[in-house]
Amino acid sequence: MTHTAFREEPFTLDVDYVVVGSGAGGATAANALARGGGLVALVEAGPWREPEQYPHSAYGAMRDLFDDWGVGVAQGRALWPIVQASCVGGTTVINCAICVRTPADIFDQWERDHGVGGGSFRETIWKHQETLERELSAELVPSASAGRSNELAMRGANAMGYGSHVMTRYAKGCVGSGQCLQGCRSLRKQSLNLQFVPEVLAKGGHVISCAPVKKVLLDGRRAVGVTGRFRHPQTRKSGGTFTVRARKAVLVAASVTHSAPLLERSGVKNRALGTGFRAHPGTGIFGIYDDVVDMNAGATQGWASIEYRVDPGLKLETLSIPPEMVSSRLSGVGHELMTRLGDYRHMAMWALAVRAESVGTVRAGFFGKSVVKYTFDTGDMHRLRRGMGILARTHFAAGAKRIVPGVYGLPYSITADQMSLIDEGPLDPRAYLLILSHLFGGCVMGKDPERSVVDESGRVHGYEGLLVADASVIPTNLGVNPQHTIMALARTFAERLLDA
Amino acid sequence: MNWLIRSVMVTLYPRTDALPGIEDTGIDAFLVRFRRDSSLLIYLGLLLGTFVYHSTPLLTVYVPLPAFMLPAAVRERHAARILTSRVYLLRQAVFIVKLIAGLCWGADPVVRQKLGQPPIPADPGTWRST
Numbered sequence: 005m006t007h008t009a010f011r012e013e014p015f016t017l018d019v020d021y022v023v024v025g026s027g028a029g030g031a032t033a034a035n036a037l038a039r040g041g042g043l044v045a046l047v048e049a050g051p052w053r054e055p056e057q058y059p060h061s062a063y064g065a066m067r068d069l070f071d072d073w074g075v076g077v078a079q080g081r082a083l084w085p086i087v088q089a090s091c092v093g094g095t096t097v098i099n100c101a102i103c104v105r106t107p108a109d110i111f112d113q114w115e116r117d118h119g120v121g122g123g124s125f126r127e128t129i130w131k132h133q134e135t136l137e138r139e140l141s142a143e144l145v146p147s148a149s150a151g152r153s154n155e156l157a158m159r160g161a162n163a164m165g166y167g168s169h170v171m172t173r174y175a176k177g178c179v180g181s182g183q184c185l186q187g188c189r190s191l192r193k194q195s196l197n198l199q200f201v202p203e204v205l206a207k208g209g210h211v212i213s214c215a216p217v218k219k220v221l222l223d224g225r226r227a228v229g230v231t232g233r234f235r236h237p238q239t240r241k242s243g244g245t246f247t248v249r250a251r252k253a254v255l256v257a258a259s260v261t262h263s264a265p266l267l268e269r270s271g272v273k274n275r276a277l278g279t280g281f282r283a284h285p286g287t288g289i290f291g292i293y294d295d296v297v298d299m300n301a302g303a304t305q306g307w308a309s310i311e312y313r314v315d316p317g318l319k320l321e322t323l324s325i326p327p328e329m330v331s332s333r334l335s336g337v338g339h340e341l342m343t344r345l346g347d348y349r350h351m352a353m354w355a356l357a358v359r360a361e362s363v364g365t366v367r368a369g370f371f372g373k374s375v376v377k378y379t380f381d382t383g384d385m386h387r388l389r390r391g392m393g394i395l396a397r398t399h400f401a402a403g404a405k406r407i408v409p410g411v412y413g414l415p416y417s418i419t420a421d422q423m424s425l426i427d428e429g430p431l432d433p434r435a436y437l438l439i440l441s442h443l444f445g446g447c448v449m450g451k452d453p454e455r456s457v458v459d460e461s462g463r464v465h466g467y468e469g470l471l472v473a474d475a476s477v478i479p480t481n482l483g484v485n486p487q488h489t490i491m492a493l494a495r496t497f498a499e500r501l502l503d504a
Numbered sequence: 193m194n195w196l197i198r199s200v201m202v203t204l205y206p207r208t209d210a211l212p213g214i215e216d217t218g219i220d221a222f223l224v225r226f227r228r229d230s231s232l233l234i235y236l237g238l239l240l241g242t243f244v245y246h247s248t249p250l251l252t253v254y255v256p257l258p259a260f261m262l263p264a265a266v267r268e269r270h271a272a273r274i275l276t277s278r279v280y281l282l283r284q285a286v287f288i289v290k291l292i293a294g295l296c297w298g299a300d301p302v303v304r305q306k307l308g309q310p311p312i313p314a315d316p317g318t319w320r321s322t
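Have a look at this one:
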């Protein structure tokens with residue numbers, strides 16, 4: 005078992021399977037292939053950080069864990085940041101490990117619109133999700149570690165009379181340290197750098213970190229390996245070249261923003277490549293309460309509602325953020341901003357994510373960067389505005405005296421009798437500070453090679469030994485957190501590959 | 193260059209009776225560290241935001257001087273107006289400076305104590321090499 009990090013010298017390796025990317029999709033696929041007896045190399049662009057090496061601060065998280073400091077943006081009418089990780093374990097290191105099974109209507113939609121995902125596929129995915137829940141110790145956020153913000157959200161939803169729930173997460177005995185975004189030093193969150201990746205090593209596999217793949221090597225229409233150049237995690241300087249040859253297959257799981265551009269740079273020909281980019285763009289609203297909330301004491305995320313998942317298409321949840329991030333999230337400058345920051349202990353931030361129908365593209369850009377083009381259409385703006393109204397009313401129902409919407413053109417804070425300002429708020433995407441966290445598409449799954457990139461087993465149409473095994477195959481949005489779906493898809497693809 | 197960036201950040205996060213300003217939180221060392229650690233893209237964003245801030249008082253407070261030459265109260269009024277400018281790209285450019293400054297200000301132990309937060313230890317910045 006070997007782990008190879010940054011090196012100056014050239015590096016070559018021959019294995020059965022190469023997996024590009026070690027996040028939810030890549031680590032799960034590599035793990036399944038290793039369990040099936042394959043010799044696997046897991047190639048990750050970012051470094052491997054052990055829990056004791058996780059950062060403590062938001063600065064450290066952006067520097068050490070986020071992909072390009074988290075400043076990659078989707079280009080459209082507004083510039084919205086795309087937040088994902090670049091490290092062994094991928095975004096599972098910095099997310100809140102929320103575990104939601106793929107809803108049944110999603111499989112129906114995939115079958116109806118894309119010719120994949122019928123009954124047996126659904127049963128396979130759900131079977132894997134059941135197993136994954138056991139393996140990764142999925143459990144409800146313990147009430148003792150929920151924290152005040154999550155309790156208030158539940159109270160607000162109950163008072164409003166809509167359904168909500170305590171989250172189930174891959175976190176064993178969460179102690180509510182409020183450090184999900186910086187990596188869980190308490191070792192409660194079951195991120196995949198702690199779970200599936202070590203098992204790949206234990207089964208004789210290889211992990212190559214600090215190794216951004218530049219190209220998938222093709223021999224005609226057959227994938228035979230990957231190549232790139234090591235990148236130093238601190239200086240970002242290039243090191244030696246690496247080439248990993250695959251005797252059986254290459255699985256690309258480099259994330260939605262990187263998988264399609266990687267295939268494009270590698271010369272893969274497919275009309276649908278880079279199309280079908282979708283997301284759940286989200287934003288937060290602060291409630292300001294009379295009592296101290298201390299939102300960072302307790303689980304970063306512990307409460308959610310999918311009551312509005314279908315109509316109008318929203319997901320609501322708590323999301324606590326540290327002072328370093330609140331300071332820029334609040335509007336105002338100077339003495340006015342400092343006065344507002346004085347309310348920090350009384351603030352609770354809750355978020356809404358829009359199950360957006362807008363569709364964009366993800367393409368290869370200059371200098372190895374990816375270019376995401378994405379703009380909200382009017383329907384999604386209405387969904388967003390409606391979600392703002394629901395979330396704001398939930399705050400008031402929970403006892404908030406004021407809410408801070410963070411919307412350009414609206415007052416800094418709004419009281420309950422001013423809700424019409426939110427309900428009739430702007431429909432210009434540039435007025436909102438949204439973040440894109442749940443991404444889908446770019447290598448979408450489907451039956452028709454003219455409209456899709458991969459088939460129901462993750463195999464790229466028209467190529468041998470080339471698969472995609474991350475969220476870029478998902479042809480629709482989900483309306484729920486995607487990690488569980490990504491992992492189950494990756495395990496399905498890997499097992500089918502072993503059986504082939 | 194750092195003094196120009198510092199000038200924006202001090203205007204955004206000034207010292208008040210209740211809370212320390214960014215000038216009390218090791219901003220100079222932070223800027224040196226940030227220059228060393230940051231990617232080209234985000235550092236260029238910081239420079240662009242600084243340039244926009246210093247070069248636009250004529251548009252906001254109608255004074256044909258760079259922002260660093262303005263009296264403190266006028267500078268703060270300029271900052272408020274540029275961050276609420278109708279021109280999206282102008283306000284976004286200065287928002288990047290505010291975001292980065294917040295990473296320094298919010299991590300300071302005295303600030304955190306005032307906000308009821310525990311201090312945060314230094315980030316290890318290390319990774320697994322073998």
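Protein chains in written order, with the numbering used here: chain Y, 5 to 504; chain X, 193 to 322. Every residue gets a Cβ at the ideal spot worked out from N, C-alpha and C, and that includes glycine. Given the structure is predicted, the values throughout are model-derived calculations rather than measurements.
| Item | Value |
| --- | --- |
| Just to make sure I have the definition right: I need the residues of chain Y whose C-beta is within less than 7 Å of the C-beta of Pro305/X. Which are they? | Inspection of the sequence shows that residue 305/X is occupied by Gln rather than by Pro. Per Cβ cutoff of 7 Å: no residues; Gln305/X is ~11 Å from chain Y at best. |
| Near Glu311/Y, what residues of its chain come up, given a Cβ to Cβ distance below 6 Å and the 5 sequence neighbours on each side ignored? | Tyr166 and Gly167 |
| Does the Cβ-Cβ distance between Ala215/Y and Ser321/X come in under 8 Å? | no |
| Can you give me the C-alpha to C-alpha distance between Ile197/X and Arg273/X, rounded to a whole angstrom? | 18 Å |
| When DSSP labels each residue in this structure, what does Tyr436/Y get in the three-state scheme? | strand |
| How about Ala142/Y and Arg192/Y: are their beta carbons less than 8 Å apart? | no |
| Applying the 10 Å Cβ sphere with the 16-neighbour rule, what's the burial state of Tyr293/Y? | buried |
| In whole angstroms, what is the alpha-carbon distance linking Pro433/Y and Gly466/Y? | 39 Å |
| Identify the contact partners of Asn154/Y in chain X, using a Cβ-Cβ distance below 8 Å as the criterion. | Result: empty, since nearest Cβ-Cβ is about 18 Å, beyond 8 Å. |
| Any C-beta of chain Y sitting closer than 8 Å to the C-beta of Ile312/X? | yes |
| What residues are listed by DSSP as bridge partners for Thr322/Y? | Trp354/Y |
| Kindly indicate if chain X contains any beta-carbon less than 8 Å away from that of Asp109/Y. | no |
| Does the beta carbon of Asp229/X come closer than 8 Å to any beta carbon on chain Y? | yes |
| By how many angstroms is the C-alpha of His169/Y removed from the C-alpha of Leu136/Y? | 21 Å |
| Among the residues of its own chain, which have a CB less than 6 Å from the CB of Trp181/Y, if the five just before and after it don't count? | Checking the displayed sequence, the identity of residue 181/Y turns out to be Ser instead of Trp. Excluding positions up to five away in sequence, the list reads Ser190. |
| Under 7 Å Cβ to Cβ from His339/Y, same chain only, skipping five residues before and after it: list those, please. | none |
| Rounded to the nearest angstrom, how far is the Cβ of Pro51/Y from that of Trp319/X, given a contact under 8 Å? | 4 Å |
| List, in order along the chain, the chain Y residues whose C-beta lies closer than 7 Å to that of Ser247/X? | By Cβ distance, chain Y contributes nothing, its closest Cβ being about 17 Å from Ser247/X, past 7 Å. |
| Going by other Cβ atoms of all chains shown within 10 Å of its Cβ, with 16 needed for buried, is Pro310/X buried or exposed? | exposed |
| Check each candidate in Asp20/Y, Pro486/Y and Tyr21/Y and name the one with the smallest Cα separation from Val260/Y. | Pro486/Y |
| If you check the beta carbons only, do Gly241/X and Ile288/X fall under 8 Å apart? | yes |
| Nearest to Pro430/Y by CA position, among His442/Y, Gly410/Y and Asp421/Y, is which residue? | Gly410/Y |
| Got a sec? Which residues, its chain only, sit under 6 Å from Arg226/Y by beta carbon, not counting five neighbours each side? | Glu468 and Gly469 |
| Just to confirm my understanding: we take Leu185/Y, look at its own chain, exclude 5 residues before and 5 after, and list those with CB closer than 7 Å. What are they? | Ala65, Ile98 and Thr304 |
| Along the chain, where does the alpha helix (DSSP H) containing Asp223/Y start, and where does it finish? | Counting along the chain, Asp223/Y falls outside any alpha helix (DSSP H), though it belongs to the beta strand (DSSP E) covering Val217 to Asp223. |
| Going by DSSP, which residues form a beta bridge with Ser149/Y? | Answer is none; Ser149/Y lacks a bridge partner. |
| Measuring only the C-alpha atoms, how far is Leu238/X from Leu295/X? | 13 Å |
| Heavy atom of the ligand ADP less than 7 Å from the Cβ of Pro327/Y, yes or no? | Because no ligand of any kind appears in the structure shown, any question about the ligand ADP cannot be addressed here. |
| What would DSSP say about Phe444/Y, mapped onto helix, strand or coil? | strand |
| Does any CB atom of chain X fall closer than 8 Å to the CB of Tyr348/Y? | yes |
| For Tyr436/Y, count the other beta carbons within 10 Å of its own beta carbon; 16 or more makes it buried, fewer makes it exposed. Which is it? | buried |
| Just reading off the alpha helix (DSSP H) that Ser199/X is part of, what are its end residues? | Asn194 to Leu204 |
| What's the C-alpha gap between Met385/Y and Ser270/Y? | 36 Å |
| Check for me: the beta strand (DSSP E) holding Ile234/X runs from which residue to which? | That residue, Ile234/X, is in no beta strand (DSSP E); its alpha helix (DSSP H) goes Leu232 to Ser247. |
| Could you give the first and the last residue of the continuous alpha helix (DSSP H) run that contains Val201/Y? | Phe200 to Ala206 |
| Run through DSSP, which three-state label would Arg226/Y get? | strand |
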